[in-house]
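Remarks on the structure that follows.
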Amino acid sequence: MISKVTKGRFALIALISLFVLPVIIAKLILSQGWYQPGATNRGKLVEPYTTLTELGQASPYIKKGWQLAYVLPSQCGNRCQQQLHLIKQSHIALGKYQERVIPIIWASENTQKLNDSIAVMEMNERLSQQVHVGQIVIVDPLGQLVMAYTTLGQDDLVQLNKDMLSDLRKLLKLSRVG
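Per full-length UniProt numbering, the sequence shown starts with residue 1, numbered consecutively.
Now the structure itself:
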């Protein structure tokens with residue numbers, strides 16, 4: 001038979017272990033690098049901090065809302081047309097956030113003109129060096145380039161737009177500007 005003193009000591013050790021052991025395990029996991037912090041964004045954050053104003057790019061849409069910009073290639077083929085259609089559909093899919101976002105096309109001087117319902121803005125040289133053809137860029141109402149999405153192939157266009165839409169909804173939900 002176990003004495004009351006032994007039972008009391010065992011209970012005290014168990015109680016202390018209950019609170020100390022998780023702290024020791026957490027410290028071990030963090031110090032050994034076993035924990036990989038997750039990122040919830042699916043696009044690539046534009047770093048370093050860059051604004052359209054710093055790039056010398058005039059935009060009539062600054063302070064009017066978020067911009068969902070597509071960098072148009074010089075010749076808009078089938079893939080480009082599909083991407084433009086998906087951008088329009090993504091804008092519609094924003095629902096209640098739709099009026100806060102302006103879909104635009106960034107085009108260079110030698111880009112063919114489109115008969116499209118999306119607004120077109122001509123890029124200057126510095127902006128065209130910052131972004132890549134075929135990229136989708138999210139710009140906040142203050143003119144800061146926030147996130148960029150680059151497609152790798154024809155098959156990932158739909159997934160890219162789903163990812164962009166997910167990130168854009170999060171940004172709009174948490175944003176206090178625009």
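Even for Gly, the Cβ is constructed at its ideal location relative to N, Cα and C.
Bear in mind the structure is a predicted one, so any value in this text is a computation, not a measurement.
The beta carbon of Ile87 sits closer than 6 Å to the beta carbons of Tyr70, Pro103 from its chain, once the five residues preceding and following it are set aside; these are given in chain order. Here Thr40 is exposed, its C-beta having fewer than 16 other C-beta atoms within 10 Å.
In the DSSP assignment, Met164 falls within the alpha helix (DSSP H) that extends over 157-174.
A direct Cα-Cα distance of roughly 17 Å separates Ile105 from Thr51. By the Cβ-count criterion, Ala14 is exposed, with fewer than 16 other Cβ atoms from all chains shown falling within 10 Å of its own Cβ. Around the beta carbon of Trp34, fewer than 16 other beta carbons sit within 10 angstroms, so the residue counts as exposed.
For Glu125, the enclosing alpha helix (DSSP H) covers residues 125-130. Here Ala107 is buried, its C-beta having at least 16 other C-beta atoms within 10 Å. Put simply, of Asn110, Ser117, Tyr97 the residue whose alpha carbon is nearest the alpha carbon of Leu171 is Tyr97. In the displayed model, Ile105 falls within a strand according to three-state DSSP. Inclusion of His91 and Leu68 in the CB contact set at 8 Å is warranted, their separation being smaller than that value. If the five residues before and after Glu54 are omitted, its C-beta is found closer than 7 Å to no C-beta atom of its own chain. Distance from the CA of Asp167 to the CA of Val158, rounded to the nearest whole angstrom, comes to 14 Å. With a 10 Å radius around the Cβ and a threshold of 16 neighbouring Cβ atoms, Asn110 comes out exposed. As a beta-bridge residue in DSSP terms, Thr51 pairs with Gln144.
Look at Gln89 here: in three-state DSSP terms it is helix. Exposure of Ile16 is indicated by the presence of fewer than 16 other C-beta atoms within 10 angstroms of its C-beta. Burial is judged here by how many other beta carbons sit within 10 angstroms of a residue's own beta carbon; Gln89 has fewer than 16 and is exposed.
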